[in-house]
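Numbering (the working numbering), first residue to last: 28 to 463. Even glycine gets a Cβ: it sits at the ideal position worked out from N, Cα and C. All remarks here apply to the structure that follows.
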Amino acid sequence: MPLPVTVVGIGADGWAGLPGGSRAALREADVLIGGPRQLALLPGECTAERVTWPSPLRPAVPGLLAAHAGRRVAVLASGDPMFYGIGRTLSEVLGADASRAGALRVLPHPSSVSYACARLGWPVEDTEVVTLVGRPTELLAAALHDGRRVLVLSAGAATPAEVAALLTERGYGPSRMHVLEQLGLEQLGADGEYGPGRERHVEGFAQEWAEPAGDPLNVVAVECRRAPDAPRLGAVPGLPDTVYEHDGQLTKRHVRAATLAALAPAPGELLWDVGGGSGSIAVEWMRTHRSCRAVSVERDPARAERIGRNARALGVPGLRVVTGGAPGALAGLPVPDAVFIGGGLTVPGLLESCWDALPAGGRLVANTVTLESEALLAEWYRRLGGELVRLAVAHAVPVGGFTGWRQAMPVTQWAVTKDHPPRVPSAGVPSAGEER
28 MPLPVTVVGI GADGWAGLPG GSRAALREAD VLIGGPRQLA LLPGECTAER
78 VTWPSPLRPA VPGLLAAHAG RRVAVLASGD PMFYGIGRTL SEVLGADASR
128 AGALRVLPHP SSVSYACARL GWPVEDTEVV TLVGRPTELL AAALHDGRRV
178 LVLSAGAATP AEVAALLTER GYGPSRMHVL EQLGLEQLGA DGEYGPGRER
228 HVEGFAQEWA EPAGDPLNVV AVECRRAPDA PRLGAVPGLP DTVYEHDGQL
278 TKRHVRAATL AALAPAPGEL LWDVGGGSGS IAVEWMRTHR SCRAVSVERD
328 PARAERIGRN ARALGVPGLR VVTGGAPGAL AGLPVPDAVF IGGGLTVPGL
378 LESCWDALPA GGRLVANTVT LESEALLAEW YRRLGGELVR LAVAHAVPVG
428 GFTGWRQAMP VTQWAVTKDH PPRVPSAGVP SAGEER
């Protein structure tokens with residue numbers, strides 16, 4: 028049986044903070060793999076060959092493990108290896124059952140999140156965590172809600188200033204920020220003062236942040252406070268139309284909320300947003316959970332760029348934008364869990380391509396305001412069932428000195444799940460010209 032790979036979590040306090048089991052694993056190893064900072068924390072009694080992680084790390088892991096097969100390998104990780112750490116990568120490389128099968132042994136250390144919450148008196152279960160290690164700062168925007176507490180895992184010394192700038196730009200300038208450095212080391216020296224090589228805690232307001240870059244090993248804690256004039260963005264679909272940049276091609280707020288309800292996003296699922304327009308459906312799909320993914324397909328280059336800007340502004344910079352016309356642009360995309368078609372329904376082959384791409388249990392939702400596309404949806408509804416609804420929204424507007432209703436164009440929506448049994452035997456759908 029191959030020797031297990033042992034992953035040892037280590038903190039800023041280094042060797043002194045390790046329990047006996049972790050020390051023994053490092054002493055007994057033939058090979059020690061880790062970052063330069065982590066390897067430097069080990070004393071000379073750890074005599075194993077030391078190997079520094081190459082960059083990029085993830086593609087190199089299988090080859091590195093293969094090169095040292097048959098030797099006792101210990102991998103160093105910061106804090107808890109299974110919390111945004113190397114433990115996840117090793118589990119994926121060695122197999123989902125690696126720990127239970129004895130191929131992977133994980134010895135965790137308190138994470139920076141545990142330390143930060145302990146220092147601030149914040150319950151861990153009530154604290155949102157956002158990592159910016161190797162990720163864009165814009166990710167933080169999706170976690171901003173008035174009164175919430177957020178911990179940001181920093182990418183380096185520049186992260187606190189970047190967080191302060193984003194908070195101020197997004198209307199959260201009044202938020203109090205705490206920067207906690209070198210968590211796990213002694214907080215104070217014998218003289219009762221902070222100093223190099225000790226924990227350090229700096230705090231202030233985002234809109235006034237002027238602290239110079241400090242230690243790269245830091246966590247930023249944010250007490251979210253929204254400025255009075257900043258828009259309130261809720262946690263459920265149906266954001267105000269005004270938060271989107273658009274040229275009129277926007278699924279309006281109330282229809283958008285109904286559309287996301289029909290799409291029913293769940294954690295980890297992937298959406299195809301076909302005919303993206305402003306990207307609002309894909310953006311709000313991804314905002315429902317941090318693990319939700321989406322691809323927005325838009326044939327107009329200017330609109331495609333606008334989708335990217337909306338995604339970054341609203342905290343989902345990971346939205347993938349494909350510039351091209353469907354169905355051709357759908358080729359090679361990963362299999363979706365759900366598809367939304369917001370335009371181009373009468374393009375030959377579009378509905379067929381989207382339907383064929385869905386696995387069993389996948390959902391398809393299509394919206395239209397034209398009679399031609401409505402007739403097409405009615406035919407597909409006749410064949411496959413699902414739910415066909417008309418959404419009508421009216422807004423109160425001034426009428427002279429009084430108030431009346433202004434009716435928006437009604438939207439016909441078809442929603443169907445692929446494992447829904449067809450109501451009639453499948454038949455060909457009449458072709459139609461491209462909708463303009």
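Sub-9 Å separation of residue i and residue j beta-carbons
i           : j           : result
residue 57  : residue 76  : yes
residue 288 : residue 267 : no
residue 304 : residue 369 : yes
residue 147 : residue 182 : no
residue 354 : residue 372 : no
residue 84  : residue 171 : no
residue 357 : residue 319 : no
residue 59  : residue 88  : no
residue 343 : residue 321 : yes
residue 92  : residue 81  : no
residue 301 : residue 247 : no
Where the beta strand (DSSP E) through residue i begins and ends
i           : result
residue 441 : 438-444
residue 31  : Premise fails: residue 31 is in no beta strand (DSSP E) and is neither H nor E.
residue 247 : 245-250
residue 349 : 347-350
DSSP state of residue i mapped onto helix, strand, coil
i           : result
residue 153 : helix
residue 433 : strand
residue 300 : strand
residue 221 : Confidence in residue 221 is poor, its pLDDT being 47 and thus under 50, which makes the residue's placement unreliable; the coordinate value appears in the next sentence. Three-state DSSP puts residue 221 in coil, outside helix and strand.
residue 193 : helix
residue 231 : strand
residue 269 : helix
residue 99  : coil
residue 317 : coil
Neighbourhood of residue i by C-beta, 6 Å cutoff - its chain only, sequence neighbours within 5 removed
i           : result
residue 445 : 385, 387 and 389
residue 331 : 325, 348 and 350
residue 245 : 181, 206 and 208
residue 455 : Because the pLDDT at residue 455 is just 40, under 50, the model does not fix this residue reliably, and the point stays unresolved.
residue 442 : 289, 392, 413 and 414
Residues of its chain near residue i, where Cβ-Cβ distance is below 8 Å and the 5 sequence neighbours each way are ignored
i           : result
residue 49  : 35, 36, 37, 134 and 136
residue 256 : 198
residue 232 : 200, 201, 202, 203 and 204
Contact test: residue i Cβ vs the ligand ZN heavy atom, cutoff 8 Å
i           : result
residue 305 : The model depicted lacks the ligand ZN and carries no ligand whatsoever.
Cα-Cα separation, residue i to residue j
i           : j           : result
residue 72  : residue 130 : 26 Å
residue 156 : residue 422 : 39 Å
residue 309 : residue 169 : 14 Å
residue 286 : residue 229 : 45 Å
residue 418 : residue 292 : 20 Å
residue 433 : residue 439 : 18 Å
residue 79  : residue 186 : 25 Å
residue 45  : residue 68  : 11 Å
residue 317 : residue 294 : 8 Å
residue 429 : residue 323 : 42 Å
residue 124 : residue 395 : 47 Å
residue 335 : residue 52  : 47 Å
residue 165 : residue 427 : 45 Å
residue 236 : residue 191 : 6 Å
Unbroken alpha helix (DSSP H) run spanning residue i, endpoints
i           : result
residue 66  : 63-66
residue 281 : 280-290
residue 116 : 113-121
residue 339 : 328-340
Neighbourhood of residue i by C-beta distance below 7 Å, restricted to the same chain and skipping five residues each side
i           : result
residue 283 : 264, 265, 307, 308 and 311
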